[in-house]
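J.: I have a structure I would like to understand better, so I am pasting it below and will then ask my questions one at a time.
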Amino acid sequence: MAEESLRVDGISKAYGRTVAVRELSLEATPGEVIGLLGPNGAGKTTAIRVLTTIYAPDSGSFAVDGIPCTKPSAIRRRIGVLPESAGYPLDQSGEEFVQYFARLFGHSRRSARGIATVLLKEVGLAERASSPIATYSRGMRQRLGLARALVNAPSVLFLDEPTLGLDPAGQRQIVALISEVARERGAAVILSTHFLDEVEEVCSRIIILNRGEAIAEGPVADIKRRAAPQTAKVRVPQEVHEDALSALKRAPGVADAQSTNGGQGWISVTLKGAPDGSENGLNAPIRALVEAGIPILSFELEGGKLSDAFLALTGEARE
Amino acid sequence: MTTLAQGEVRRATALQPPTKAGGGWLVVAGQELRDIWLSARGPGIVVGTSLLLSLLTYLAASNEELNIIDQRDTVNLVAQITMALAVAVSLLFTADCLSGERERETLESLLVTPVPRRQIALGKYLAAVSMWPVLLAVAVPYIWVIRESEGVFTDAMLGGLLVGTLLVIGFASLGLLVSIYSGSNRLSLAVSFFIFVVLLAPTQLPLGGWFGDLIVQINPMTAGSTFLHRAIVKEHGWGEDVDLLIAPVVWAIVVSAVAFVAAGRLRLQGSLGR
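In order, the protein sequence lines correspond to chains A and B. In this text, residue positions in the first sequence follow numbering that gives the first Met the number 0: the first is 0, and each later residue adds one. In this text, residue positions in the second sequence follow numbering that gives the first Met the number 0: the first is 0, and each later residue adds one.
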């Protein structure tokens with residue numbers, strides 16, 4: 000097996016004049032969960048459809064387990080997919096549904112039965128295996144879709160918005176399953192989602208797409224650091240308010256300091272930010288006030304969450 | 000959610016698929032046959048056809064006053080109705096088979112399996128045309144009851160089998176072709192049924208002159224229908240009207256060839272009527 004489960008080199012896909020994905024590159028190793036983030040229309044679903052051989056890329060290439068994209072049928076044997084809009088045959092039972100797909104992947108009837116039993120147990124549907132899918136809740140259907148995507152023990156699992164429309168309990172179940180699949184089966188998981196909480200919980204790396212382009216890529220912590228706080232709010236006693244303002248304005252890591260309109264000792268501090276992206280710059284106001292002997296009643300950083308990074312990078316924060 | 004014991008995980012992952020998955024079309028066909036015959040669709044159509052043929056046979060065989068047409072004509076009518084129903088049902092089944100999957104959002108899951116697209120289409124096609132032998136079998140006792148001789152029974156069964164098979168192959172392929180390109184199921188069913196009605200209508204019209212003869216010759220429905228009528232009612236030998244089989248044969252070959260070439264290019268989204 001190749002070291003990388005998935006290698007993508009500059010794939011692009013356009014619909015007419017609209018470029019949906021532009022020169023996307025990524026690598027995924029076994030057991031890794033990569034989050035694919037982006038606003039609506041960013042190109043996440045198109046990227047997944049290219050990588051799952053539904054669409055051919057206009058340019059660039061990719062390989063799954065070393066199998067090039069010029070062999071789509073061989074790639075389909077190595078991947079599992081839970082599409083964004085996965086429909087289900089409502090009159091079939093969950094068991095029949097999974098067995099059918101196992102047989103499409105070349106399993107015998109007996110083997111397909113065994114696989115359906117194991118997978119439905121794994122996703123927590125063993126007790127409802129013989130019930131018609133029509134009686135399943137949305138969360139159960141998503142877990143069934145996940146079971147179906149695992150019938151071929153895939154090297155790479157593509158999940159397009161798997162928790163969309165689920166209640167918090169359903170979301171937690173799916174997220175836990177994704178972690179389990181990556182950990183115990185060693186599958187690389189490409190998870191497209193809007194839910195940043197689940198990304199922070201389950202993904203080791205993320206790629207943020209905007210208008211078809213990857214505008215940020217890396218470990219979650221690195222991306223969060225890019226949205227390191229630019230402003231802080233400090234509260235000092237009223238009687239040392241002016242001293243505090245002077246001390247802050249002189250501090251090396253502070254670009255500006257202003258009294259806020261509300262008064263009561265609140266000061267808004269604009270930070271320069273550390274050039275190396277470290278958090279040292281965040282301490283500048285505190286250090287300046289401590290050195291000036293001014294007591295700090297309150298200190299709040301604004302920003303520093305993945306959602307801040309996402310909004311800042313996709314430009315929505317400015318809108 | 001259940002966490003599996005390590006042994007179960009190993010067993011599940013050990014169940015690796017064979018390296019080649021031949022016969023995907025058989026798996027698809029098997030599933031589609033279950034969908035048709037173990038649901039209300041297939042049995043419902045069979046019961047409906049039986050009721051219609053029962054009424055006709057009753058009028059023809061048991062009540063001399065109500066029996067207003069010749070027995071050979073009645074046999075021809077039963078054969079023609081059975082054939083037209085089988086053609087219509089096969090056409091509508093194939094017209095639904097891929098555009099319906101699109102509409103129900105189940106096509107993408109099917110397209111990411113290793114089964115080639117042409118095999119997916121073939122499996123669905125074969126299940127759809129399964130209606131024809133069943134409806135022909137349903138017609139057997141009715142034709143047997145109203146026959147006036149062994150000869151007319153043989154003519155009706157063999158002629159019906161030949162013409163019906165050619166027409167079902169052609170029209171089911173037409174439905175498949177429309178379904179491959181249709182963005183919506185409604186469009187696929189409407190276009191397919193419209194073409195069927197346009198081609199069926201001349202069989203009910205008094206066609207005469209050179210233009211009428213031309214229509215009879217080039218329209219597979221009229222050609223097939225006329226062939227069957229002459230074989231059953233006019234007792235023509237098959238060799239006498241073999242030219243009438245040209246249109247149904249060409250229709251079956253050309254449309255099915257085009258449909259299965261197009262099936263290899265089956266897309267997630269249909270290009271028509273999106």
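Backbone N, C-alpha and C fix where the C-beta goes; we use that ideal spot for every residue, glycine too. Since this is a predicted model, take the numbers as computed values, not measurements.
Of the residues A/K120, A/R75, A/R77, which one's Cα is nearest the Cα of A/V97?
T.: Taking the first residue of the first sequence as 1, we reach residue 97 of chain A at position 98. Among A/K120, A/R75, A/R77, the Cα nearest to that of A/V97 belongs to A/K120.
J.: Counting along the chain, where does the alpha helix (DSSP H) carrying A/V7 start and finish?
T.: On the first sequence, residue 7 of chain A is found 8 positions in, with the first residue counted as 1. Looking at the DSSP string, A/V7 is not in any alpha helix (DSSP H); the run it does join, the beta strand (DSSP E), is 5–14.
J.: Note down the Cα distance separating A/C68 from A/A62, rounded to an integer number of angstroms.
T.: Numbered from 1 along the first sequence, position 69 holds the residue referred to as residue 68 of chain A. Numbered from 1 along the first sequence, position 63 holds the residue referred to as residue 62 of chain A. A/C68 and A/A62: Cα-Cα distance of roughly 6 Å.
J.: Should the stretch 179–189 of chain B be regarded as contacting the stretch 92–102 of chain B, the criterion being three or more beta carbon pairs within less than 8 Å?
T.: Flag = yes, the stretch 179–189 of chain B and the stretch 92–102 of chain B touch.
J.: Can you name the start and end residues of the alpha helix (DSSP H) that B/F195 belongs to?
T.: Sequence index remark: in the second sequence, residue 195 of chain B carries index 196 (1-based). Per DSSP, B/F195 belongs to the alpha helix (DSSP H) from 184–199.
J.: Out of B/V133, B/V248, B/L213, state which residue places its alpha-carbon closest to the alpha-carbon of B/L32.
T.: Position 33 of the second sequence, counting from 1, holds the residue named residue 32 of chain B. Taking only the C-alpha atoms, the option nearest B/L32 is B/V133.
J.: With a CB to CB cut of under 7 Å and the five nearest residues on each side skipped, what residues in its chain are close to B/V72?
T.: Here residue 72 of chain B is taken as the residue at index 73 of the second sequence, counted from 1. Note that residue 72 of chain B is Asp in the sequence shown here, rather than Val. For B/D72, where only same-chain residues beyond five positions count, the Cβ hits under 7 Å are V232.
J.: Residues in the same chain with beta-carbon distance under 7 Å from A/N151, minus the five sequence neighbours each way, listed in chain order, please.
T.: Residue mapping note: residue 151 of chain A aligns to position 152 of the first sequence, counting from 1. Hits under 7 Å: R76, G79, F104.
J.: Roughly how many angstroms separate the alpha carbons of B/L14 and A/R21, rounded to a whole number?
T.: Here residue 14 of chain B corresponds to residue number 15 of the second sequence, with the count starting at 1. Here residue 21 of chain A corresponds to residue number 22 of the first sequence, with the count starting at 1. A caution first: B/L14 carries a pLDDT of 46, below 50, which makes its placement in the model unreliable, though a value can still be read off. If you take the alpha carbons of B/L14 and A/R21, they lie about 38 Å apart.
J.: With DSSP as the reference, label A/Q257 as helix, strand or coil.
T.: Walking along the first sequence from the start, residue 257 of chain A turns up at place 258. Strand at A/Q257.
J.: Shorter than 8 Å from the beta carbon of A/A46 to some beta carbon of chain C?
T.: The structure shown contains no chain C; the protein chains it does contain are A and B.
J.: Enumerate in chain order the residues of its own chain whose CB-to-CB distance from B/L271 is below 7 Å, with the five nearest sequence positions on each side excluded.
T.: The residue labelled residue 271 of chain B in the question sits at position 272 within the second sequence. Result list for B/L271: Y180, S181, G182, L186, in chain order.
J.: Name the one or two DSSP bridge partners that A/E301 has.
T.: Looking up residue 301 of chain A in the first sequence gives position 302. DSSP output for A/E301 lists A/T230 as bridge partner(s).
J.: For B/T56, count neighbouring Cβ atoms within 10 angstroms of its own Cβ and tell me buried if that reaches 16, exposed if not.
T.: As a working note, residue 56 of chain B is residue 57 in the second sequence. Buried.
J.: Buried or exposed: A/R142, going by 16 or more other Cβ atoms within 10 Å of its Cβ?
T.: Here residue 142 of chain A is taken as the residue at index 143 of the first sequence, counted from 1. So A/R142 counts as buried.
J.: At the 8 Å Cβ level, is B/L110 part of the contact set with chain A, yes or no?
T.: If you number the second sequence from 1, residue 110 of chain B lands on position 111. True, the Cβ-Cβ gap to chain A drops below 8 Å.
J.: List, in chain order, every chain A residue whose beta-carbon is nearer than 9 Å to that of B/S38.
T.: Numbered from 1 along the second sequence, position 39 holds the residue referred to as residue 38 of chain B. Within 9 Å Cβ-Cβ: D90.
J.: Report the neighbours of A/P167 on chain B: residues whose CB is nearer than 8 Å to its CB, in chain order.
T.: In the first sequence, counting from the first residue as 1, residue 167 of chain A sits at position 168. Going along chain B, no residue has its Cβ under 8 Å from A/P167, so there is no contact; the nearest lies around 15 Å.
J.: Taking the continuous alpha helix (DSSP H) assigned at B/D154, which residues delimit it?
T.: For the purposes of this step, residue 154 of chain B is taken as the residue at position 155 of the second sequence. 149–180 is the extent of the alpha helix (DSSP H) around B/D154.
J.: Answer with buried or exposed for B/S148, where buried requires no fewer than 16 other C-beta atoms within 10 angstroms of its C-beta.
T.: In the second sequence, counting from the first residue as 1, residue 148 of chain B sits at position 149. Exposed, by the Cβ-count rule.
J.: Please report the residue range of the alpha helix (DSSP H) in which A/D166 lies.
T.: Working through the first sequence from its first residue, we reach residue 166 of chain A at position 167. Premise fails: A/D166 is in no alpha helix (DSSP H) and is neither H nor E.
J.: Is A/D90 buried or exposed, if buried means 16 or more other CB atoms sit within 10 Å of its CB?
T.: Counting from 1 along the first sequence, the entry for residue 90 of chain A is found at position 91. The residue is exposed, with fewer than 16 neighbouring Cβ atoms inside 10 Å.
J.: Give the single residue among A/G211, A/E179, A/L165 whose Cα lies nearest to the Cα of A/P29.
T.: Looking up residue 29 of chain A in the first sequence gives position 30. That would be A/E179, whose Cα lies nearest to the Cα of A/P29.
J.: So with CB distances below 9 Å, who are the chain A contacts of B/E107?
T.: Counting from one through the second sequence, the residue named residue 107 of chain B turns up at place 108. Result: R48, T51, I53, V80, P82, E83, S84, A85, G86.
J.: At a Cβ threshold of 8 Å, is B/L267 touching chain A?
T.: Numbered from 1 along the second sequence, position 268 holds the residue referred to as residue 267 of chain B. Interface residue, yes.
J.: Indicate the three-state DSSP secondary structure (helix, strand or coil) for B/G236 in the structure shown.
T.: The residue you call residue 236 of chain B lines up with position 237 of the second sequence. The answer is coil: DSSP assigns B/G236 none of H, G, I, E or B.
J.: If you follow the alpha helix (DSSP H) that B/N75 is part of, which residue opens it and which one closes it?
T.: For the purposes of this step, residue 75 of chain B is taken as residue 76 along the second sequence, with counting starting at 1. Its alpha helix (DSSP H) spans residues 70–96.
J.: Among the residues of its own chain, which have a CB less than 6 Å from the CB of A/A181, if the five just before and after it don't count?
T.: Position 182 of the first sequence holds residue 181 of chain A. Cβ within range, chain order: G30, V32, V188.
J.: If we count Cβ pairs, one from each stretch, closer than 8 Å, do we get three or more for the stretch 4–16 of chain A versus the stretch 190–197 of chain A?
T.: In short, these stretches do not touch, since the Cβ pair count stays below three.
J.: Any idea if B/L52 is buried or exposed, counting beta-carbon neighbours within 10 angstroms, 16 or more meaning buried?
T.: Within the second sequence, numbered from 1, the residue matching residue 52 of chain B stands at position 53. Under this definition B/L52 is a buried residue.
J.: Between the C-alpha atoms of A/V235 and A/L312, what's the straight-line distance to the nearest angstrom?
T.: Here residue 235 of chain A is taken as the residue at index 236 of the first sequence, counted from 1. Here residue 312 of chain A is taken as the residue at index 313 of the first sequence, counted from 1. Taking the straight line joining both Cα atoms gives about 33 Å.
J.: Can you list, in chain order, the residues of its chain with a C-beta nearer than 6 Å to that of A/E216? Leave out the 5 residues immediately preceding and following it.
T.: Taking the first residue of the first sequence as 1, we reach residue 216 of chain A at position 217. Excluding positions up to five away in sequence, the list reads I206.
J.: Decide if B/W250 is buried, meaning its Cβ has at least 16 other Cβ atoms within 10 Å, or exposed.
T.: Numbered from 1 along the second sequence, position 251 holds the residue referred to as residue 250 of chain B. Classification of B/W250: buried, given that the 10 Å Cβ count is 16 or more.
J.: Work out the CA separation of A/L163 and A/G169 for me, nearest whole Å.
T.: Within the first sequence, the letter at position 170 stands for residue 169 of chain A. Within the first sequence, the letter at position 164 stands for residue 163 of chain A. Near 10 Å, if we compare the C-alpha coordinates of A/L163 and A/G169.
J.: Which first and last residues belong to the alpha helix (DSSP H) in which B/S255 is found?
T.: Against the second sequence, residue 255 of chain B aligns to sequence position 256. Taken as a continuous stretch (DSSP letters only), the alpha helix (DSSP H) holding B/S255 covers 245–262.
J.: Apply the 10 Å Cβ neighbour rule to A/T134 and answer buried if 16 or more other Cβ atoms are within range, or exposed otherwise.
T.: Taking the first sequence and counting its residues from 1, one reaches residue 134 of chain A at position 135. With fewer than 16 Cβ atoms within 10 Å of its Cβ, A/T134 is classed as exposed.
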